[in-house]
Every structure is written in C-alpha cells, then in structure tokens.
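S.K.: Sharing a structure here in structure tokens format.
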Amino acid sequence: MANALDTQTIDEYERRRLLTLRQLNLLDTPPSESFDRITRIASELFNLPIAAVSLTDEDRQWFKSRVGVDHWEIPRFKACFGEVADSSQVLVLPDLLESPHYCNSPLAKSGIRFYAGAPLRTYDGYTLGAMCVLGSEPRSVTEHEINVLQDLAAMVMAQIELQHAFGRLDPLTGLYNSSKFLEDLEDRARDRAGASCFALYIELIDIAEMYSLQRVLGPACLDEVAREAAMRLQLQLGVATVLYQVGPGQYVLILDSTERCLNDCEALDRALHLRQLLLSMPLGDAAPFMLHPVVGVAPFRLGEIAPVDVLRIAHSACQSARDSEAGVSLFSSSLDEQHLRRFALISGFRHALEDTGQLQLVYQPRVSLITDDCVGVEALVRWEHPVLGAIFPDEFIPLVENTPMIRSLTDWVLRHAIDQAGIWYRRGLVLRVSINISAANLAESDFTARLKTYLAEQALPVVGLELELTESALIGNTRTAVEALDVLVEAGIRIAIDDFGTGYSSLAYLQEVPADVIKIDRSFVAQIDHEVRSQTLIKAMISMAHDLDYHVVAEGVETPESYQMLQALGCDEAQGYWMARPMTVEAFDDWLAARHENCP
Ligand code: C2E
Ligand code: CA
Ligand code: CA
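So, in structure tokens, the structure goes:
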C-alpha cells in the first residue's frame, strides 16, 4: 500500500485514502487541545498568524485544529492544502500571487500570500492532509523550518494514530483487541474478497479453571503469564502476522492460506506447534499452576462470513479442542449447528413462556396392574417452536434446566396441570396427576406455598397430585433437597423417584429420601418380555421397593407380555405405549371413555 501510486491508479489511491481518513473518525469532530497545542507551536515557531491541521476530504478542506482561521472548512478546489494530499510532498508557496496556479485562488483573494504545508502521512502511506502555516506577507523558508514543519506533521500523525489505537489495544499485552480484529478482517475482506484463510483461536487455560485460580490467587494471577505468552507467540509468528488478544489468556490470529498455500492439515500443524510453544513456556514461581493451552482452527473465506462469525466459529473450534486429546481442533459445522440450535432453543424458550400458544401439556395414563383401571396421568410438556417445529422435552428440558427459566417452566406446568386436574376432579374422575419437577425447584423457598395455593384455587385435595423427581435431582444436593422434600411431604404431597435405576450406584439414599413411589426406568422394562436377566432385575427391584414400603410403577410398557409379566411380579402400576401414548386432554377423555365401554 505504501507505494500505492506506483501500482494503482490515482483514482484508486484517492478512494483508499478517503476510506482511511473516514475510518479514523476524525472528520467533523470537536477541537481537541492535543492538536491545538501543536498548531499554536507551529504558529509561534514560524511567527505567522495562521496555522492549521487540515484534512483533505472528498471536496473540502476540514480543519481539525486552527489558529487565525475563522472557518472550519473551505472548498478543496484550488486550496493549497489539497495539493499536499495529492502529491504527498512538502509544498512551499513563498508568494501565492506569483504562482500561476494559485494567484486567483479563493485563498489568495482572501489576502493570503504565503503557504507552507507538510503532508500528514499514515504509516501505510496515505496522506490525510497537511500541517500548514500561512501568512499575509510573502515569505521564504529555510531548510531547518521545513524540517520543523515535518516534525510537527509527524507529531500530529502520532496523535491521530494514538487516538485511533485507544480502545483497540489491550493495555496488558500491548496487542490489538477484538474490536481491531473485526475492523481488520473487514478491511482484508474488502481487499481480498474470496481468499481462503484460517482463524486460529488460542486459549491458555480453561475459562472455568481461570476463574477458580483467580479466586485463590487474585484477579491479576494470569497477567504475567498472558504477557509472556503473547510475547512468545508474536516472536514465533513474526511481525507480518498480527496477534490479537480477544479475552483474558485468549489470542486470535489469521493465516492467509492463499498466500502461504496452507491446507487443513498444515493449519492444524501450525496450531499444534503454537500449542507446544506455550506448553514449553516456563511459568516461574509467581504462577503456581499449569497451563492447558488449546488451539481451535477455523477455515473460512474472506467476505463470505461476517467477522463476528469468524471469531465465533474459531472460538467454537477452540472449545472442541478442549475436549480433544491433541488440544487442537478443526471447526466442525455440524457441531456448530448443534450449538446454534441449542442457542436458538434457549433464547426462544423465553418467548414460549410468554406466548401461551407454544407450550402444551399432554397426558399419559397410568394403569393399576391390580384392577386394570386408569388411576392417574403423567403430565408431559410439548413445545411447538414457531420456526423449528415440535421440540421434544428430552432436547429442551436439559437446556432449560441450566437456566433460571426452569422455575417459570415448572410453574407453568403446575398451573396448567392442576387446573386440568381440577376439571377432572369436578367431573368425578379419580385421577392422580403426576408432574415432573427439577432439582432447582426444590431450592425455591415459596415452592410448597405456591403449590398449595394452586391446589386451593381448584379446591383439589392434595392426594390428587404427585411430584416426580429423578434420582440425580434427589442426590445432587442431598441436604437441601431432603429438607425441601420434607416440607412437601408434610404438606401431604406424594413424591415419586423417576427413572429409578439409572441415576445412582448406591441405594443408600433410599433411606433418607422421603418418597412414596418408585418409577422403574423404561430401559429395564423394555427387555422384560424376552430377557431373563431383566426379569430377575425387575423382580429384585419390586421386592426391595415393597420391603421399603414403596409403591412401584413400571415405565415404558410396550407389549401385552410385559404388562402381564409385571402383573405376575407384583408391580403396582404400569405406564407405557401399550396402554396409551401421551395424549391431549380431548384424546385422553376419548381413550378413557372407550376403555370404560370395553370393561364397564
Ligand atoms: P419421563 O419423566 O421419564 O417421561 C416419560 C417419557 O417416556 C415421556 O417422554 C414419554 O412419552 C415416554 N414414554 C412413555 N411410555 C413409553 C413407552 O412405552 N416407550 C417409550 N419408548 N417411551 C415411553 P417425553 O414426553 O418425551 O418426556 C421426556 C422427558 O422429559 C421426561 O421423561 C421428563 O424427564 C422430561 N419432561 C417431560 N415433561 C416435563 C415437564 O413438564 N417438566 C420437567 N421438568 N420435565 C419434563
Ligand atoms: Ca416422569
Ligand atoms: Ca421416567
């Protein structure tokens, strides 16, 4: 770019020059003392009434700083300042009236006779304007004065570049930050659209590990290491490759694979090499911990993906690298799609909670194995996403459970299921409605109180309700969970242990957890009609549960043979596709009516 004029047309140079000028965000900004100081010195050193920092815009000269000039701008046409920008040379006009080009210029007509201007050049070779001095008398300049004017111009440029770097430099490492990365990538895309590149995302230490280190060693514990790592990486990469600091202990760089003929394997090789470099870095006494550097590699084409997305996919590759043995990983679009889908689901769920149309409850019957009667239903939530369609709870519940939204979801389910239970109760149906709740719900201080209010609103007896909790929810946080359960049990609410047999290796917790029902997970029940081992296992589970006074429900009953076998084994209730799938209220009412007709 420095020799722009040699290789490009003047028009192209001017286009790029204007772009550079605009990107610096200087035009039409208020005066600033840091520039005015230089202008005042210029005026005094030259003993001239007028001095200015003039920027050459498309069709005007705009003064960032001025002494002795009233206007902020003058037309570019035939203003000497513009000639400096065009030629990138120092321009001295001892007497404007003697110059055939400027003798009739507006400047000369306004009484200016003398002009000297030095170009304001960026480091990559674009002249933004001029540092200039003007006088109303003809005057000559010495070689020394020209040098002084050039020095002042250099001071102005240093000031401009310093201001521009502010907010784009990381103060700790001196590296450019992510804002600068995004700007630079946009510039590259403009220059070399379509070129194929790799973004390498380097992370020194897992973010969660870093936070726990900071708790122990203080927030600055990584600073020295991050600085040293940045220095080593930059020395290895050389000055031609810019290293950006995009987060604490996180660096990004771009490898241009067109210039360096890199393929995926070679880019991964580079990543491995950089990782090795960081692994071999001595940490010193001030850092009593280990680094676990990883590098994500994301291939992309300039201009075909937004700079923020380049950063995002490189970060995604870096997270995959954390899970890989080699500590480096190539970006995978299918993994990314999964992440994007998860993100879309989490962010969309908030709307689902507000918009009553998206969530719905379906009910799956529970049948007594003694009387064959339907004695209850399990309420199961369904979500119809406006764009992604039907989303099953196995996909979205685990995501929602990691957010505070699980509280609102359970509240929504409780309200709707209890309202429905109220309707059935008033119709004279004896049905216990079972509701799935999550571990986080047990931590809600007003949970039981709210539950009681909802039951009271429907005048529904407490026995009309059962809460299902998985083993892991019960075990994860035993003391608080058990305390919360005690409160529920005291209120007379029945508790079922869901997915029994899948979550925990020791059964000791059964002594502590105040539950009434055990729901044997469907993975055991699925094989019962053809596998002796399953039968033995279920037989043992039922007998142990009965010994401990639990009521036993088998889930996932899919065949009549399984149903009969469970009956023979003394299981109390069954739930499963063989009796019925989860249904809407209307479908459930029809199913129940048909069942009564068949076995009155
Ligand atoms: P879960 O509590 O074990 O619910 C039973 C799941 O097994 C339901 O899946 C049901 O459709 C399915 N199922 C029932 N009978 C059979 C069968 O015979 N064979 C097979 N293969 N599957 C059967 P669903 O509705 O997709 O729910 C999946 C899980 O999502 C539930 O497992 C529960 O953990 C969670 N979930 C559903 N609704 C809620 C809710 O309202 N709140 C919370 N916290 N979790 C819910
Ligand atoms: Ca359940
Ligand atoms: Ca279950």
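Read in order, the letters of the sequence shown are residues 1012 to 1611 in the numbering used here.
Don't be surprised by glycine CBs; every beta carbon is placed ideally from N, CA and C.
Tell me which residues pass a beta-carbon proximity test against ligand 2: closer than 5 Å to any heavy atom, given in chain order.
M.R.: In chain order, the qualifying residues are N1447, E1479 and D1509.
S.K.: Once DSSP output is grouped into helix, strand and coil, what is the label at W1083?
M.R.: Reduced to three states, the DSSP call for W1083 is coil.
S.K.: So, with DSSP's three-state summary, where would you put H1362?
M.R.: H1362: helix per DSSP, three-state reduction.
S.K.: Compare the C-alpha of V1339 against each of H1362, L1283, L1372 and A1317 and name the closest.
M.R.: Minimum Cα distance to V1339 is reached at L1283.
S.K.: Identify the continuous beta strand (DSSP E) that holds M1168 and give its terminal residues.
M.R.: From DSSP, M1168 is part of no beta strand (DSSP E) but of the alpha helix (DSSP H) over E1154 to A1176.
S.K.: Name the one or two DSSP bridge partners that K1120 has.
M.R.: Its beta-bridge partners do not exist; DSSP assigns none.
S.K.: Classify F1354 as buried or exposed, calling it buried when 16 or more other Cβ atoms lie within 10 Å of its own Cβ.
M.R.: With fewer than 16 Cβ atoms within 10 Å of its Cβ, F1354 is classed as exposed.
S.K.: Taking only heavy atoms of ligand 5 into account, decide whether any of them is closer than 7 Å to the Cβ of T1421.
M.R.: The ligand content of the structure shown is limited to ligand 1, ligand 2 and ligand 3, which means ligand 5 is not among them.
S.K.: Looking at the secondary structure, which residues open and close the alpha helix (DSSP H) in which I1434 lies?
M.R.: I1434 -> alpha helix (DSSP H) spans M1416 to R1437.
S.K.: Mapping the DSSP letters down to three states, classify C1232 as helix, strand or coil.
M.R.: Residue state, collapsed to three classes: coil.
S.K.: State the Cα-Cα distance for the pair V1321 and S1189, rounded to the nearest angstrom.
M.R.: When rounded, the distance between both Cα atoms is 11 Å.
S.K.: Any idea what DSSP makes of W989, helix, strand or coil?
M.R.: There is simply no residue 989 to check, as the chain begins at 1012 and stops at 1611 in what is shown.
S.K.: I need the DSSP call for Q1261, collapsed to helix, strand or coil.
M.R.: Strand.
S.K.: What residue range does the alpha helix (DSSP H) around H1557 cover?
M.R.: Start and end: V1543 to D1558.
S.K.: Note down the Cα distance separating R1333 from Q1349, rounded to an integer number of angstroms.
M.R.: Cα-Cα distance, rounded: 17 Å.
S.K.: Using the C-alpha atoms, what's the distance from A1565 back to A1484?
M.R.: C-alpha separation (whole angstroms): 20 Å.
S.K.: Is the Cβ-Cβ distance between M1416 and L1370 less than 8 Å?
M.R.: No.
S.K.: For T1382 and I1357, I'd like the C-alpha separation in whole angstroms.
M.R.: Using only the alpha carbons, I get a separation of about 43 Å.
S.K.: Leaving aside the five residues before and after V1089 along the sequence, list all residues of the same chain whose C-beta is less than 6 Å from its C-beta, in chain order.
M.R.: Val is not the amino acid found at residue 1089; the sequence shown has Lys there. Same-chain partners within the cutoff: S1116.
S.K.: Using C-beta distances below 7 Å, list every residue in its chain close to D1347, excluding the 5 sequence neighbours before and after it, in chain order.
M.R.: Same-chain partners within the cutoff: I1324 and S1327.
S.K.: Looking at the structure shown, is F1342 part of a helix, part of a strand, or coil, going by DSSP?
M.R.: Coil at F1342, not helix or strand.
S.K.: Which residue marks the beginning of the alpha helix (DSSP H) containing L1196, and which one marks its end?
M.R.: Its alpha helix (DSSP H) spans residues S1189 to D1202.
S.K.: Any heavy atom of ligand 1 closer than 7 Å to the CB of D1540?
M.R.: Not under cutoff, so the answer is no.
S.K.: DSSP state of T1067, grouped into three classes?
M.R.: The answer is strand: DSSP assigns T1067 an E or B state.
S.K.: Going by DSSP in three states, S1614 sits in which element: helix, strand or coil?
M.R.: Nothing about residue 1614 can be read from this structure; the chain reaches only from 1012 to 1611.
S.K.: With a threshold of 7 Å, establish whether the CB of A1492 neighbours any heavy atom of ligand 1.
M.R.: Every heavy atom of ligand 1 is 7 Å or more from the Cβ of A1492, so no.
S.K.: Assuming L1302 contacts L1294 (C-beta within less than 8 Å), just tell me the rounded distance between them.
M.R.: That belief holds up - the Cβ atoms of L1302 and L1294 are roughly 7 Å apart, short of 8 Å.
S.K.: Secondary structure at F1311, three-state DSSP: helix, strand or coil?
M.R.: Three-state DSSP puts F1311 in a strand.
S.K.: Within the present structure, is the beta-carbon of P1404 separated from the nearest heavy atom of ligand 1 by less than 7 Å?
M.R.: Yes; taking the cut-off as 7 Å, the Cβ of P1404 has a heavy atom of ligand 1 nearer than that.
S.K.: To the nearest angstrom, how far is the alpha carbon of K1191 from that of L1183?
M.R.: Their backbone Cα atoms lie some 16 Å apart in a straight line.
S.K.: Out of L1173, L1211 and A1141, which one is the CA nearest neighbour of A1164?
M.R.: Minimum Cα distance to A1164 is reached at A1141.
S.K.: Return the chain-ordered list of same chain residues with a C-beta closer than 7 Å to the C-beta of D1275, the five sequence neighbours on each side being excluded.
M.R.: Hits under 7 Å: P1310 and L1341.
S.K.: Take R1533 as the anchor and find which of E1494, P1525 and Y1588 has the nearest alpha-carbon.
M.R.: Nearest option by C-alpha distance: Y1588.
S.K.: Express the C-alpha separation of E1572 and I1539 in angstroms, rounding to a whole number.
M.R.: Taking the straight line joining both Cα atoms gives about 9 Å.
S.K.: What alpha helix (DSSP H) runs, 4 residues minimum, are completely inside the segment 1271-1303?
M.R.: Correct list: 1275-1290.
S.K.: Per DSSP, which one or two residues make a beta bridge with L1248?
M.R.: Answer is none; L1248 lacks a bridge partner.
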